[in-house]
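Asks: In this text, residue positions in the sequence shown follow our numbering: the first is 750, and each later residue adds one.
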Amino acid sequence: MGLFYAKPLRRTGLETLPQFFTLHYGKWAGVMVGVATILSMLISQLPGTIAAIQIFIQVLGITPEVSSVLFVFVVVATVFFSGQKGNSLTGLIKMALLWGSLLIGGFIAIKYLASMPSDEFHAMFPYDPWFNLFSRGTAEVLGNIFSMMVGILSAQAYIQALFSASDAKTAARGAFTASAIIIPIGLPIVAIGMFMHATHPEIIPIQALPTFFLGYFPDWLGGVAIAGILLAIISSTAGMALAIGTLFASDFVGNLMHVKSNSKILLTNRLTILITMVVGTYFSYLYLNATILELNFLSMILRGAGVFVPLSLAVFKPGWLTPKWAFASICCGTLLPIISKMVLHLTINPLYLGLGSSALLIIIGIMVSGKSFRQSYLAAQTADNNRKEESKED
């Protein structure tokens, strides 16, 4: 994202991914991308919300219902009183808290694991599945990795951060910085997870990290660590809620329904954020024991399967695909994974079906009308550049 996507996307001066698709492929392509993006972000909101509700229950000793209401209030307040720039500041704070807490926790966990007798360690953590990256099957693991990559590159929440950067260089630098912190955070979490499996095999996975911080850190440091987790969840959820609100207000109400009043668009944005949080938290409450990783992968597939290929084409080779073929590619790439997974229950990774069908339609579209459309696109670009030059001279 930092190498290839950050600068071209930031230079457009747009706010949302559907606006980018509308610019290159027309209004209906933008609408379809907006629908897919909103649905995927609603799903990706669930894992963090489930984790936050569980932490509030564990730390504060409150009921799931009260915990859910509290989480909605905190996230909505975060969005309304900080926005994207404030969310960026919160991101810096949470990064510092998480790094410090996880490095300390990782040291404690690794020290314990290293002290275990060899026979006991290997009995507790056999090679398969603990140290075999492909224990669930090569195709499934590669599909999950690829779905994460495609989902991140196609996500409104991440792309909006690029749009919000002060300039293209800052956008690229931010993407590189985000990628650099993944491994230092991920490895200590793995060690802590193994530690908790060895010492507390009875707890559910979602409670492992907060239980570790509360049980093996001094009280004050455990509180700081829990605060870091909650800040991470709150800022992430706030970013997605803000992205959904921006999408709906700008692209559906503003562009599609031709509402130009800033006050009405702002009101729509805020109401959408509130509704998004209520709906997302309600479903999280219903599925408190759901498998978080599966929800993440489903969200990544939904947001990227129909968007990734036409997005990449618009970034690197604009003007080759007509709006008609782009719309068909987006629809097929988005709907086919849903049908294959939820209706037909096929065993093949739905991401492969989505990306494959999307790419196939794009190839056909380029072969059928790409050359003539490219010529028209270049002629329009030349005319636009000439008008800009004339306006500068005037």
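The beta carbon of each residue, even a glycine, is placed where N, CA and C say it ideally should be.
Is the beta carbon of Ile1022 closer than 7 Å to that of Ala990?
Replies: Cβ distance < 7 Å, so Ala990 and Ile1022 count as in contact.
Asks: Report the rounded CA-to-CA distance for Glu869 versus Ile853, giving the unit in angstroms.
Replies: Between Glu869 and Ile853, the C-alpha separation is close to 24 Å.
Asks: In whole angstroms, give me the CA-to-CA distance for Ala1054 and Phe1032.
Replies: The alpha-carbon atoms of Ala1054 and Phe1032 are separated by roughly 24 Å.
Asks: Between Val1056 and Val782, which are expected to be in contact by the criterion C-beta below 8 Å, what is the C-beta distance as a whole number of angstroms?
Replies: Confirmed, about 6 Å.
Asks: With distances taken Cα to Cα, identify the nearest neighbour of Ser1106 among Pro967, Pro1086, Leu1020.
Replies: Per the Cα distances, Pro1086.
Asks: Counting only the same chain and skipping the five closest in sequence on each side, list residues whose C-beta sits under 8 Å from that of Thr960.
Replies: Excluding residues within five positions, the ones whose Cβ falls inside 8 Å are Gln807, Met945, His949, Ile952.
Asks: Quick check: the Cα distance between Val784 and Ser1078, rounded to an integer number of angstroms?
Replies: Answer to the nearest angstrom: the Cα atoms are 15 Å apart.
Asks: Could you check where the alpha helix (DSSP H) with Trp1069 kicks off and where it finishes?
Replies: It is not in any alpha helix (DSSP H) - Trp1069 carries neither H nor E in the DSSP assignment.
Asks: Are at least three pairs of beta-carbons, each pair with one atom in the stretch 1060-1072 and one in the stretch 802-817, less than 8 Å apart?
Replies: Short answer: they don't touch.
Asks: Comparing C-alpha positions only, which one of His871, Pro813, Pro1072 sits nearest to Lys693?
Replies: Nothing can be reported for residue 693: it is not among the residues displayed for the chain, which extend from 750 to 1143.
Asks: Mind reading off the beta-carbon distance from Ser903 to Leu1060? Whole number of angstroms is fine, and I expect it under 8 Å.
Replies: The Cβ separation is near 6 Å, so the contact holds.
Asks: So the alpha helix (DSSP H) Leu791 belongs to, where does it begin and stop?
Replies: Per DSSP, Leu791 belongs to the alpha helix (DSSP H) from 776-809.
Asks: Is it the case that the Cβ atoms of Thr778 and Phe770 are separated by a distance below 7 Å?
Replies: Rather than Thr, the amino acid found at residue 778 in this sequence is Ala. Yes, these two residues count as a Cβ contact at 7 Å.
Asks: Residues in its own chain within less than 7 Å of Pro866 by CB, not counting five upstream and five downstream?
Replies: The answer is none, since no qualifying residue turns up.
Asks: Is the stretch 956-974 in contact with the stretch 844-861, if contact means three or more CB pairs nearer than 8 Å?
Replies: The stretch 956-974 is in contact with the stretch 844-861.
Asks: Which residue comes first and which comes last in the alpha helix (DSSP H) that contains Thr812?
Replies: It is not in any alpha helix (DSSP H) - Thr812 carries neither H nor E in the DSSP assignment.
Asks: Would you call Thr887 buried or exposed, if buried means 16 or more other Cβ atoms sit within 10 Å of its Cβ?
Replies: The residue is exposed, with fewer than 16 neighbouring Cβ atoms inside 10 Å.
Asks: Helix, strand or coil: which one does DSSP assign to His946?
Replies: Of the three classes helix, strand and coil, the one that applies to His946 here is helix, per DSSP.
Asks: Flag this pair as yes or no: are the beta carbons of Gly1082 and Gly1114 separated by less than 7 Å?
Replies: Going by C-beta atoms, Gly1082 is not nearer than 7 Å to Gly1114.
Asks: Please classify Arg1052 as buried or exposed, where buried requires at least 16 neighbouring CB atoms within 10 angstroms.
Replies: Arg1052 comes out buried.
Asks: From the DSSP output, in three-state form, read off Ser903 for me.
Replies: Coil, per DSSP.
Asks: Which same chain residues end up closer than 8 Å to Arg885 when comparing Cβ atoms and leaving out the 5 residues on each side of it in sequence?
Replies: The residues are Pro878.
Asks: Can the beta-carbon of Val824 be found closer than 7 Å to that of Ile983?
Replies: Yes, Cβ-Cβ distance for Val824 and Ile983 is below 7 Å.
Asks: DSSP three-state label for Met989, please.
Replies: Looking at Met989 - three-state DSSP - the assignment turns out to be helix.
Asks: Can you give the Cα-Cα distance for Leu1016 and Asp968, rounded to whole angstroms?
Replies: One C-alpha to the other measures close to 42 Å.
Asks: If Gly1029 and Ile1014 are in contact, beta carbons under 8 Å, what's the gap, nearest whole angstrom?
Replies: Incorrect: roughly 22 Å between the Cβ atoms, too far for contact.
Asks: State buried or exposed for Val828, treating a residue as buried only when at least 16 other CB atoms are found within 10 Å of its CB.
Replies: Buried: at least 16 other Cβ atoms inside 10 Å.
Asks: Ile978 by DSSP, collapsed to three states: which one?
Replies: Residue state, collapsed to three classes: helix.
Asks: Check the C-beta distance from Phe857 over to Tyr965 and give it rounded, since I have them as a contact under 8 Å.
Replies: Checking the displayed sequence, the identity of residue 857 turns out to be Ile instead of Phe. Yes, they are in contact, since the Cβ atoms of Ile857 and Tyr965 sit about 6 Å apart, within 8 Å.
Asks: Are the CB atoms of Ile787 and Leu996 nearer to each other than 7 Å?
Replies: A contact, by the Cβ cut-off of 7 Å.
Asks: Leaving out five residues before and five after Thr986 in sequence, what residues of the same chain have Cβ atoms less than 7 Å from its Cβ?
Replies: Excluding positions up to five away in sequence, the list reads Gln794, Gly797, Thr798, Val824.
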